[in-house]
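Asks: Quick one: structure below, then a few questions.
In the working numbering, the protein residues as written are 4 to 264.
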């Protein structure tokens, strides 16, 4: 699968390879270059090479070039973590520790609220009707917050432990990951919530010159579309400016009428 993918806030250029019956996405997304220039045609080009590398261009601008083996998980990893390698019991992987010398001060106050000692039971308080009177609470002016011990670097820290790597017995190299024996069909996978988009002109070939000729046809069309869009945008700007001037004239006329009255 190859082409633009825009869904909500997700914008990317899709390039998915099918390898031995499994669709494999690129490890990281390719840039989305189409923008919001409605009415302008774009050309997406993918060059698949026998050295298992691929190049992606959008409107003749390169957005990616790299290895299928490196950037798509088509093959099993060459190395895996050794399942028999265990972390030593005395391994310390905490980089920080509590300072054993740090002690909470004796005058440290952690009570956020205290009983208001200045409060007194109202004269009209009836214990039988109102219940047992209790002094209200108030903010403690001596409150210093929750105390926590100072943290220091752990001298016994050995780093993050990782199992050693060993050769993956399931790894099998393949110098033909780029190769497709057959294309059963070509088509468009579309999901649209906004009308007006047109998809056409798919070319699959093994001749760079033939592909270049196709791009020339797109470029000619693209230049005409850009010129047409500029005319439309300029016309809209002029129309908007004229409408704004008319509003200003109406406001001036209303002001003049008001002054005459």
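Quick reminder that beta carbons are idealized off the backbone N, C-alpha and C, glycines included.
(1) Do you know how far the Cα of residue 224 is from the Cα of residue 202?
(2) If we ignore side chains and look at the alpha-carbon of each, how far apart do residue 108 and residue 148 end up?
(3) Determine the DSSP secondary structure at residue 224, reduced to helix, strand or coil.
(4) Using a Cβ-Cβ cutoff of less than 6 Å, which residues in the same chain neighbour residue 58 once the five nearest sequence positions on both sides are dropped?
(5) In chain order, which alpha helix (DSSP H) runs of at least 4 residues are fully inside the stretch 158 to 236?
(6) Look at the alpha carbon of residue 7 and the alpha carbon of residue 94, and state the distance between them as a whole number of angstroms.
(7) Figure out for me which residue from 233, 197, 220, 198 has the closest Cα to the Cα of residue 205.
(8) From what residue to what residue does the alpha helix (DSSP H) around residue 71 run?
(9) Is the beta carbon of residue 90 closer than 9 Å to that of residue 164?
(10) In angstroms with no decimal places, state the Cα-to-Cα distance between residue 105 and residue 153.
(11) Here's the rule I'm using: 16 or more other beta-carbon atoms within 10 Å means buried, otherwise exposed. How should residue 189 be labelled?
(12) Per DSSP, what kind of secondary structure is residue 2 in: helix, strand or coil?
(13) On the criterion of 16 or more Cβ atoms from any shown chain inside 10 Å, does residue 233 qualify as buried, or is it exposed?
(14) Within 10 angstroms of the Cβ of residue 26, are there 16 or more other Cβ atoms? Answer buried if so, exposed if not.
(15) With distance defined between alpha-carbon atoms, name the residue in 124, 130, 78 nearest to residue 24.
(16) My output table needs one value for residue 131: the three-state DSSP class, helix, strand or coil.
(17) Nearest by alpha-carbon distance to residue 19: which of 44, 113, 173, 28 is it?
(18) Assuming residue 82 contacts residue 169 under a Cβ cut-off of 8 Å, what Cβ separation, rounded to an integer in Å, is found between them?
(19) Taking the continuous beta strand (DSSP E) assigned at residue 57, which residues delimit it?
(20) Report yes if the CB atom of residue 55 is closer than 9 Å to the CB atom of residue 180, and no otherwise.
(21) For residue 171, which of 84, 10, 36 has the nearest alpha-carbon?
(22) Does the distance from the C-beta atom of residue 150 to that of residue 194 stay below 9 Å?
(23) Pick out whichever of 42, 208, 4, 38 has its Cα sitting closest to the Cα of residue 12.
(24) For the beta strand (DSSP E) containing residue 156, name the first residue and the last one.
(25) Nearest by alpha-carbon distance to residue 114: which of 140, 121, 126 is it?
Replies: Answer, in terms of the structure:
(1) The alpha-carbon atoms of residue 202 and residue 224 are separated by roughly 14 Å.
(2) One C-alpha to the other measures close to 13 Å.
(3) Residue state, collapsed to three classes: helix.
(4) Taken in chain order, the residues that qualify are 50, 68.
(5) Secondary structure remark: continuous alpha helix (DSSP H) runs of at least 4 residues inside the stretch 158 to 236: none found.
(6) Answer to the nearest angstrom: the Cα atoms are 49 Å apart.
(7) The shortest C-alpha separation from residue 205 is found at 220.
(8) It spans 71 to 74 - the alpha helix (DSSP H) in which residue 71 sits, taken as one unbroken run.
(9) Their beta carbons are under 9 Å apart, which means residue 164 touches residue 90 by this criterion.
(10) Here the alpha carbon of residue 105 sits roughly 6 Å from the alpha carbon of residue 153.
(11) Residue burial is scored here from C-beta neighbours: residue 189 has fewer than 16 other C-beta atoms within 10 angstroms and is therefore classed as exposed.
(12) What the structure shows of the chain is the stretch from 4 to 264, and residue 2 is not part of that stretch, so it cannot be assessed.
(13) Of the other Cβ atoms in all chains shown, fewer than 16 fall within 10 Å of the Cβ of residue 233; this residue is therefore exposed.
(14) When all chains shown are included, residue 26 counts as exposed.
(15) Minimum Cα distance to residue 24 is reached at 78.
(16) Residue 131 falls in the helix class under three-state DSSP.
(17) For the options 44, 113, 173, 28, the alpha carbon positioned closest to that of residue 19 is the one of 28.
(18) Residue 169 and residue 82 do touch by the CB rule: their CB atoms are close to 7 Å apart, below 8 Å.
(19) Run containing residue 57: 56 to 61, per the beta strand (DSSP E) assignment.
(20) The Cβ atoms of residue 55 and residue 180 sit closer than 9 Å to each other.
(21) The shortest Cα separation from residue 171 among 84, 10, 36 belongs to 84.
(22) For residue 150 and residue 194, no; Cβs fall outside 9 Å.
(23) When only C-alpha atoms are compared, the closest one is 38.
(24) Counting along the chain, the beta strand (DSSP E) containing residue 156 begins and ends at 154 to 156.
(25) The residue among 140, 121, 126 with its C-alpha nearest the C-alpha of residue 114 is 140.
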